[in-house]
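There are 2 protein chains.
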Amino acid sequence: MKRLYFDYSASAPPSPGLGAFLASLESFKNPSSLHQEGQKARAFLESTRKEMKDLLGAKPRDKLIFTSGGTEANNLVFASLWHQECVGKKVIISTVEHASILSLIPVIESHGLIPVFLPVTANGVIDLDYYQSLLDDAVALVSVMLVNNETGFIFPIKEMARMAQEKNIPFHTDATQAMGKLVFDFSDLCVDYVSWSAHKFGGLIGVGGLLVRETCDVIPLLWGGPQEDAKRAGTENMMGIASAGYALKNVCNNVDSELERQQKLREFFLEQLAKKLPHCLVIQAEQNVPSIVSLAFPGVDGKLMATNLDLEGVAVSFGSACSSGALNKSPVLSVLGFSDDIAQGTIRISFGSETTQAAMSTLLEKITLVYQRITGEVS
Amino acid sequence: MKRLYFDYSASAPPSPGLGAFLASLESFKNPSSLHQEGQKARAFLESTRKEMKDLLGAKPRDKLIFTSGGTEANNLVFASLWHQECVGKKVIISTVEHASILSLIPVIESHGLIPVFLPVTANGVIDLDYYQSLLDDAVALVSVMLVNNETGFIFPIKEMARMAQEKNIPFHTDATQAMGKLVFDFSDLCVDYVSWSAHKFGGLIGVGGLLVRETCDVIPLLWGGPQEDAKRAGTENMMGIASAGYALKNVCNNVDSELERQQKLREFFLEQLAKKLPHCLVIQAEQNVPSIVSLAFPGVDGKLMATNLDLEGVAVSFGSACSSGALNKSPVLSVLGFSDDIAQGTIRISFGSETTQAAMSTLLEKITLVYQRITGEVS
Chain A
0 MKRLYFDYSA
10 SAPPSPGLGA
20 FLASLESFKN
30 PSSLHQEGQK
40 ARAFLESTRK
50 EMKDLLGAKP
60 RDKLIFTSGG
70 TEANNLVFAS
80 LWHQECVGKK
90 VIISTVEHAS
100 ILSLIPVIES
110 HGLIPVFLPV
120 TANGVIDLDY
130 YQSLLDDAVA
140 LVSVMLVNNE
150 TGFIFPIKEM
160 ARMAQEKNIP
170 FHTDATQAMG
180 KLVFDFSDLC
190 VDYVSWSAHK
200 FGGLIGVGGL
210 LVRETCDVIP
220 LLWGGPQEDA
230 KRAGTENMMG
240 IASAGYALKN
250 VCNNVDSELE
260 RQQKLREFFL
270 EQLAKKLPHC
280 LVIQAEQNVP
290 SIVSLAFPGV
300 DGKLMATNLD
310 LEGVAVSFGS
320 ACSSGALNKS
330 PVLSVLGFSD
340 DIAQGTIRIS
350 FGSETTQAAM
360 STLLEKITLV
370 YQRITGEVS
Chain B
0 MKRLYFDYSA
10 SAPPSPGLGA
20 FLASLESFKN
30 PSSLHQEGQK
40 ARAFLESTRK
50 EMKDLLGAKP
60 RDKLIFTSGG
70 TEANNLVFAS
80 LWHQECVGKK
90 VIISTVEHAS
100 ILSLIPVIES
110 HGLIPVFLPV
120 TANGVIDLDY
130 YQSLLDDAVA
140 LVSVMLVNNE
150 TGFIFPIKEM
160 ARMAQEKNIP
170 FHTDATQAMG
180 KLVFDFSDLC
190 VDYVSWSAHK
200 FGGLIGVGGL
210 LVRETCDVIP
220 LLWGGPQEDA
230 KRAGTENMMG
240 IASAGYALKN
250 VCNNVDSELE
260 RQQKLREFFL
270 EQLAKKLPHC
280 LVIQAEQNVP
290 SIVSLAFPGV
300 DGKLMATNLD
310 LEGVAVSFGS
320 ACSSGALNKS
330 PVLSVLGFSD
340 DIAQGTIRIS
350 FGSETTQAAM
360 STLLEKITLV
370 YQRITGEVS
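Chains as they are written, first to last, in numbering that gives the first Met the number 0: chain A, 0 to 378; chain B, 0 to 378.
Pasting the structure below:
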């Protein structure tokens with residue numbers, strides 16, 4: 000049997016036709032070189048940047064800095080705080096950010112800044128009154144993700160960014176799990192910085208970027224040549240950037256109808272699941288991307304579920320990929336207030352444009368089978 | 000006429016067969032994922048790492064951390080100094096390091112360290128007595144490149160690293176321009192850290208690495224997931240790493256005979272050049288990689304030479320790619336003590352495995368033609 004891949008949020012399959020597209024490109028030379036080979040690479044780089052900015056809703060003077068991925072983009076925003084004027088200031092982040100932000104907490108503190116956490120409830124709510132009460136002159140940055148990587152919760156970033164904007168506080172959102180999973184418009188979103196990663200929407204692994212509002216800036220994390228407007232040194236990852244541009248175009252091409260299709264797949268799956276396994280808990284917010292389904296099987300070992308599904312030919316994840324190796328319970332679910340019973344019994348199903356209803360049906364069958372095998376229950 | 004590419008040091012052409020090799024690979028999933036797709040990626044990643052370590056002469060317990068390139072690898076070594084214990088300590092670097100090290104000087108100072116410069120003479124000599132006199136308990140790091148990017152000078156890294164080793168001082172070498180241009184052996188070289196970049200020896204742009212001696216360590220520059228033994232967060236650039244492994248194997252395969260061939264090409268070219276353009280100055284050290292030829296035409300505008308050669312179908316560089324856009328004279332030649340007359344009149348020719356003697360002959364013709372056109376001289 001063909002394997003079924005339900006881990007798009009860890010890494011999406013390549014955008015349709017990506018291999019042929021990349022093979023059709025000449026091998027790129029160094030875009031900093033002045034000769035024709037270099038200038039050809041430069042022209043391709045800049046036209047890709049422009050296309051991507053347009054697709055993302057950025058204005059001509061907004062910046063798009065290419066990085067080695069979402070992690071570097073997130074680190075770059077925070078590294079811009081490592082200077083004297085920020086000492087003693089606060090950084091507001093949610094409790095469910097990606098590891099590339101939560102891991103920075105000791106670094107934030109070592110630079111004399113104070114991290115302040117925004118709690119998120121089990122159904123994905125951030126208390127906006129509390130949030131607003133935190134916004135004052137002592138806040139150097141707010142950073143809240145647009146879509147949570149484990150649950151698919153969509154946070155009210157536009158509203159939150161507007162509240163920060165009123166107080167002239169820079170606002171960053173990690174949109175790594177958002178691109179291709181919802182309609183994205185930088186100008187509409189009112190944020191100042193947006194991180195993204197290409198392999199989450201069908202590009203190659205190893206490339207991402209940071210959108211920066213015209214009026215904002217960053218301090219480099221990587222120092223060296225004057226690439227990326229002197230904000231990110233190092234020869235630009237030409238093939239990676241080409242793949243990002245190609246994949247983003249594909250994703251944006253029919254995002255409305257695709258999201259509608261994904262919503263139907265989700266509803267179909269969850270309806271059937273509720274009938275087959277009524278004990279199963281769906282972790283979701285009122286605003287949730289359709290393509291991430293976080294399921295908890297109380298009292299069952301989620302890692303064992305995922306491993307058994309893998310043996311049955313179905314790839315899902317336990318927690319997110321960045322943490323799945325080492326942990327026995329989902330740190331995100333724990334922080335959302337779920338008991339260990341639930342945080343240990345969770346799996347994440349994430350799908351995308353190549354997922355069919357037939358695949359969802361098979362997934363359902365396999366989950367039921369594996370659940371019954373582990374628990375000894377027969378439906 | 001087919002264009003002739005003499006800018007391998009900016010970016011080498013893809014390793015023979017690289018496109019087909021990459022196309023033959025399945026699209027990689029996230030190597031941190033626990034399912035079969037993830038574990039396949041993991042296995043490929045680790046076998047590539049092992050192969051590359053072997054080819055580079057690293058021992059099993061030495062580390063190879065993959066990065067987004069040479070710039071990140073260099074920055075990573077220095078970022079490991081940004082802590083309290085290093086305040087007030089010295090960092091010894093040569094005056095001709097790459098921009099990704101020289102640009103760090105204000106950052107080094109902002110972290111309370113003191114940069115100390117090792118001068119290099121016009122014929123590539125570092126005064127080792129002076130160097131030795133600098134080595135004391137107050138030195139936190141020595142960082143000297145193995146091969147200079149603009150001139151091809153080979154520095155006596157083994158000897159210098161041994162002297163540092165005797166005083167327990169960590170030694171880093173930026174070998175970005177060395178891989179494939181000389182025989183490289185990490186174990187023999189006595190250094191603790193080595194940076195490299197794949198696109199300089201036929202891999203893709205956007206991937207590089209840092210070799211770290213078993214007994215040494217780094218503090219991460221990118222924080223997040225536990226990738227790369229928790230030393231470099233971010234999903235590993237699988238295609239980039241695959242390309243690096245492939246290209247390194249190709250390069251190491253017949254490095255001795257290829258270097259001999261390159262040495263003959265260099266000698267042929269320089270002999271003919273001396274006859275045709277006796278005013279031309281060859282910038283070289285006693286130990287020089289054959290494949291980088293730095294030429295100065297006193298009184299002539301090197302940028303104009305390069306531009307005219309480009310129009311004639313020959314790609315060479317003025318200075319190195321990372322700085323060639325903005326400058327009117329080579330910063331490396333200036334620092335080596337050459338007059339403006341010479342530093343403004345320089346071009347860099349760099350070649351490699353696909354360069355034939357016929358190409359060298361055409362290059363010679365074109366240089367002569369362009370030189371005569373610019374100066375009005377007729378030979």
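Beta carbons are placed, not taken as given, at the ideal position from N, Cα and C, and that holds for glycine.
If you check the CB distance, A/L276 and A/F200 do not come in under 8 Å. Taking 8 Å as the cut-off, the beta carbon of A/A139 is found no closer than this to the beta carbon of A/G351. Residues of chain B with a Cβ closer than 8 Å to the Cβ of A/W195 do not exist, since the nearest Cβ in that chain sits about 13 Å away.
Neighbourhood of A/Q35 in chain B, by CB distance below 8 Å: R2, D309, A314, in chain order. Rounded to whole angstroms, the Cβ separation of A/S32 and B/A9 is 5 Å, and the two are in contact under 8 Å. Under the Cβ criterion of 8 Å, B/E235 is counted among the residues facing chain A.
A distance below 7 Å between beta-carbons, with the five flanking residues on each side excluded, links B/C189 to the following residues of its chain, in chain order: K157, A160, R161, Q164. Less than 8 Å separates the beta-carbon of B/W195 from that of B/T175. For A/Y129, the number of other beta carbons within 10 angstroms of its own is below 16, and it is reported as exposed. Between B/I282 and B/V315, the C-beta gap is not smaller than 8 Å, which leaves the two residues out of contact. Per DSSP, the unbroken alpha helix (DSSP H) holding A/K302 starts and ends at 301-310. Interface annotation for the region 109-123 of chain B against chain A: empty, criterion Cβ-Cβ distance under 8 Å.
No Cβ-Cβ contact shorter than 8 Å links B/L362 with B/I373.
In its chain, beyond the 5 residues on either side, P219, L221, W222, G223, G224, Q226 have a beta carbon closer than 7 Å to the beta carbon of B/A232. DSSP places A/V95 in no alpha helix (DSSP H); its state is neither H nor E. In terms of CA proximity to A/L368, A/L303 leads the group A/L303, A/L258, A/W81. The beta carbons of B/V193 and B/L181 sit no closer together than 8 Å. By the Cβ rule, the region 92-107 of chain B counts as touching the region 68-83 of chain B, because three or more pairs are nearer than 8 Å. Under the three-state reduction of DSSP output, B/I168 falls in the coil class, being neither helix nor strand. For the options A/S142, A/V124, A/S132, the alpha carbon positioned closest to that of A/P114 is the one of A/S142. No Cβ of chain B is located within less than 8 Å of the beta carbon of A/K180. Secondary structure at B/G208: strand, using DSSP grouped into helix, strand and coil. For the pair B/L145 and B/D184, the CB atoms are not nearer than the 8 Å cut-off. Within the region 50-70 of chain A, those residues whose Cβ lies closer than 9 Å to any Cβ of chain B are, in chain order, T66, S67, G68, G69, T70.
Interface annotation, A/G16: not in contact with chain B, CB-CB separation never under 8 Å. Going by DSSP, A/F296 is part of no beta strand (DSSP E) at all; its letter is neither H nor E.
Residue pairing for A/I113: DSSP places it in a beta bridge opposite A/K89. Approximately 7 Å separates the beta-carbon atoms of A/G69 and A/S99; this is inside 8 Å, confirming the contact. Note that the C-beta distance between A/K58 and A/A137 is not below 8 Å. Contacts with chain B at 8 Å (Cβ-Cβ) do not include A/G344. Secondary-structure assignment with DSSP links A/F152 through a beta bridge to A/N287. Taking C-alpha positions only, A/P13 is separated from A/H198 by approximately 8 Å. With respect to B/G205, B/S67 sits close: the two C-beta atoms are nearer than 8 Å. Looking from the CA of B/Q38, the closest CA among A/T354, A/A357, A/D309, A/K365 belongs to A/D309. Among the CB atoms of chain A, one or more fall inside 8 Å of the CB of B/F317.
Between A/L3 and A/G301, the CB-CB gap reaches or exceeds 8 Å.
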